[in-house]
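**Q**
Rendered as structure tokens:
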């Protein structure tokens, strides 16, 4: 079962490397390059749909993207739901039910700048909503203590641990702490979060993947980094084209048309 497979990927002998896609094309590309699982990036999805990041994306657009991605991949898919696009736990649970019905086996749900008790309530509502189904949803509880600078030093470590315990008691499957990078803090949080595996986001200065695994990290996400790099490349080449430097575009490294087209062979509309 894909759901069990996704859970098992967090228990391997190396950290799960999770590329974050923003549409069907980027997801299929990641799969073709050997990704064992794929996650969406809320920022990338929002940008690709013409919205800013930060709960601005229409839910219908999110669901459309999830459906489009699931149509072209076979590996497990986890969906970034930001804060669930609602402060009502029951509404969040209903959205999660829709996402899982499309094929998602995992979600990210964040506390952002709100009280952690609200995220705990959302997690409980999700578990209750899915209690009568066979869904083994992986709920990755994200806390933004480090990302938003809500605390510093040892106080930040202890606040993350407090929230991790709260989310785990509500039914979380994993803990995601973006912007956490200091080795001692990583180990302390990873140890306290057990049995929930610790997920970090790629940031400059982060230890190597092997070193992170030794520190207790079991999942590393690219976040919006791949989408940002892709947009930066597109911006540079578009600017060159508009400024008359067409050779920069024609000589730039590129996938062959047929190579790209082959990625989607067998995925034509019915």
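In the numbering used here, the protein residues as written are 148 to 417. Cβ coordinates follow ideal geometry from the N, Cα and C atoms, glycine included. Computed from a predicted structure; not experimentally measured.
Mapping the DSSP letters down to three states, classify residue 266 as helix, strand or coil.
**A** As a working note, residue 266 is residue 119 in the chain shown. Note: residue 266 maps to helix in three-state DSSP.
**Q** Taking DSSP's pairing of strands, which residues face residue 167 in a bridge?
**A** Here residue 167 is taken as the residue at index 20 of the chain shown, counted from 1. DSSP lists 186 as partners of residue 167.
**Q** Classify residue 411 as helix, strand or coil using the three-state DSSP reduction.
**A** What you label residue 411 is simply residue 264 of the chain shown in a count that begins at 1. Coil at residue 411, not helix or strand.
**Q** What would DSSP say about residue 256, mapped onto helix, strand or coil?
**A** Residue mapping note: residue 256 aligns to position 109 of the chain shown, counting from 1. Reduced to three states, the DSSP call for residue 256 is strand.
**Q** What is the rounded straight-line gap between the Cα of residue 393 and the Cα of residue 384?
**A** Against the chain shown, residue 393 aligns to sequence position 246. Against the chain shown, residue 384 aligns to sequence position 237. Those two C-alpha atoms are separated by around 9 Å.
**Q** Following the continuous alpha helix (DSSP H) through residue 284, name the residue where it begins and the one where it ends.
**A** For the purposes of this step, residue 284 is taken as residue 137 along the chain shown, with counting starting at 1. No alpha helix (DSSP H) contains residue 284, which DSSP labels as neither H nor E.
**Q** With a threshold of 8 Å on Cβ separation, who are the neighbours of residue 295 within its own chain once the five nearest residues in sequence on each side are excluded?
**A** As a working note, residue 295 is residue 148 in the chain shown. Closer than 8 Å at Cβ, skipping near neighbours: 259, 260.
**Q** In whole angstroms, what separates the C-alpha of residue 407 from that of residue 339?
**A** On the chain shown, residue 407 is found 260 positions in, with the first residue counted as 1. On the chain shown, residue 339 is found 192 positions in, with the first residue counted as 1. For residue 407 and residue 339, the distance between alpha carbons rounds to 44 Å.
**Q** In the segment 274 to 318, which residue ranges form an unbroken alpha helix (DSSP H) of at least 4 residues, counting only runs that do not cross its ends?
**A** Qualifying alpha helix (DSSP H) stretches, in chain order: 300 to 317.
**Q** Going by CA-CA distance only, name the one from 164, 309, 319 that's closest to residue 256.
**A** As a position in the chain shown, residue 256 is number 109, starting the count at 1. Nearest option by C-alpha distance: 319.
**Q** To the nearest angstrom, report how far apart residue 252 and residue 288 are at their CA atoms.
**A** Your numbering for residue 252 matches position 105 in the chain shown. Your numbering for residue 288 matches position 141 in the chain shown. Distance between the alpha carbons of residue 252 and residue 288 is about 14 Å.
**Q** Let me confirm a value: residue 155 is counted as buried when at least 16 other C-beta atoms fall within 10 Å, else exposed. Which label applies?
**A** Residue mapping note: residue 155 aligns to position 8 of the chain shown, counting from 1. So residue 155 counts as exposed.
**Q** Return helix, strand or coil for residue 196, following the three-state DSSP convention.
**A** Along the chain shown, one-based indexing puts residue 196 at 49. Correct three-state label for residue 196: coil.
**Q** What is the rounded straight-line gap between the Cα of residue 174 and the Cα of residue 380?
**A** For this step, residue 174 is matched to residue 27 along the chain shown. For this step, residue 380 is matched to residue 233 along the chain shown. The straight-line gap from Cα to Cα measures roughly 18 Å.
**Q** Could you check which residue in 153, 373, 221 has the C-alpha nearest to that of residue 414?
**A** Locating residue 414 in the chain shown gives position 267, counting from the first residue. With distances taken between Cα atoms, residue 414 lies closest to 221.
**Q** List the whole-angstrom C-beta distance separating residue 343 from residue 361, where the pair is believed to meet the contact cut-off of C-beta under 8 Å.
**A** Looking up residue 343 in the chain shown gives position 196. Looking up residue 361 in the chain shown gives position 214. In fact, because the Cβ distance is near 18 Å, the residues do not count as touching under 8 Å.
**Q** Less than 8 Å between the C-beta atoms of residue 364 and residue 182, yes or no?
**A** Residue mapping note: residue 364 aligns to position 217 of the chain shown, counting from 1. Residue mapping note: residue 182 aligns to position 35 of the chain shown, counting from 1. Cβ distance not < 8 Å, so residue 364 and residue 182 don't count as in contact.
**Q** Which residue wins for smallest C-alpha separation from residue 291, given the options 311, 330, 203?
**A** To locate residue 291, count along the chain shown from 1; it is residue 144. Closest by alpha carbon: 311.
**Q** For the alpha helix (DSSP H) holding residue 248, just list the boundary residues, first then last.
**A** Reading the chain shown from its first residue, position 101 is the one you call residue 248. From DSSP, the alpha helix (DSSP H) with residue 248 extends over 236 to 249.
**Q** Find out if the Cβ-Cβ distance for the pair residue 184, residue 236 is shorter than 8 Å.
**A** Counting from 1 along the chain shown, the entry for residue 184 is found at position 37. Counting from 1 along the chain shown, the entry for residue 236 is found at position 89. No, the pair does not count as a contact, with Cβ atoms beyond the cut-off.
**Q** Return yes when the Cβ of residue 395 is within less than 8 Å of the Cβ of residue 387, no when it is not.
**A** As a first step, residue 387 is located in the chain shown; it is residue number 240 there, counting from the start. As a first step, residue 395 is located in the chain shown; it is residue number 248 there, counting from the start. Yes, the Cβ-Cβ distance between residue 387 and residue 395 is below 8 Å.
**Q** By the three-class DSSP mapping on this structure, what secondary structure does residue 322 have?
**A** Indexing the chain shown from 1 puts residue 322 at position 175. Three-state result, residue 322: strand.
**Q** On a CA-only basis, which of 263, 265, 262, 272 is nearest residue 242? Give me that one, please.
**A** Position 95 of the chain shown holds residue 242. Nearest C-alpha to residue 242: 272.
**Q** Does DSSP put residue 364 in a helix, in a strand, or in coil?
**A** Translated into the one-based positions of the chain shown, residue 364 becomes position 217. If DSSP states are grouped into helix, strand and coil, residue 364 belongs with the strands.
**Q** If I measure Cβ to Cβ from residue 371 and keep anything under 6 Å in the same chain, skipping five residues before and after, which residues do I get?
**A** What you label residue 371 is simply residue 224 of the chain shown in a count that begins at 1. Answer for residue 371: 188, 190, 191, listed in chain order.
**Q** Hey, residue 307 and residue 324 are a contact pair by Cβ (cut 8 Å); roughly how many whole angstroms apart?
**A** Translated into the one-based positions of the chain shown, residue 307 becomes position 160. Translated into the one-based positions of the chain shown, residue 324 becomes position 177. Indeed they touch by this definition, with Cβ atoms about 6 Å apart.
**Q** For residue 357, which of helix, strand or coil comes out of DSSP?
**A** Residue 357 sits at position 210 when you count from the first residue of the chain shown. DSSP places residue 357 in helix when its eight states are reduced to three.
**Q** Where DSSP assigns a beta bridge to residue 224, which residues make up the other side?
**A** What you label residue 224 is simply residue 77 of the chain shown in a count that begins at 1. Answer is 185.
**Q** Grouping DSSP H, G and I as helix and E and B as strand, with all else coil, what is residue 347?
**A** Working through the chain shown from its first residue, we reach residue 347 at position 200. Here residue 347 sits in strand by DSSP.
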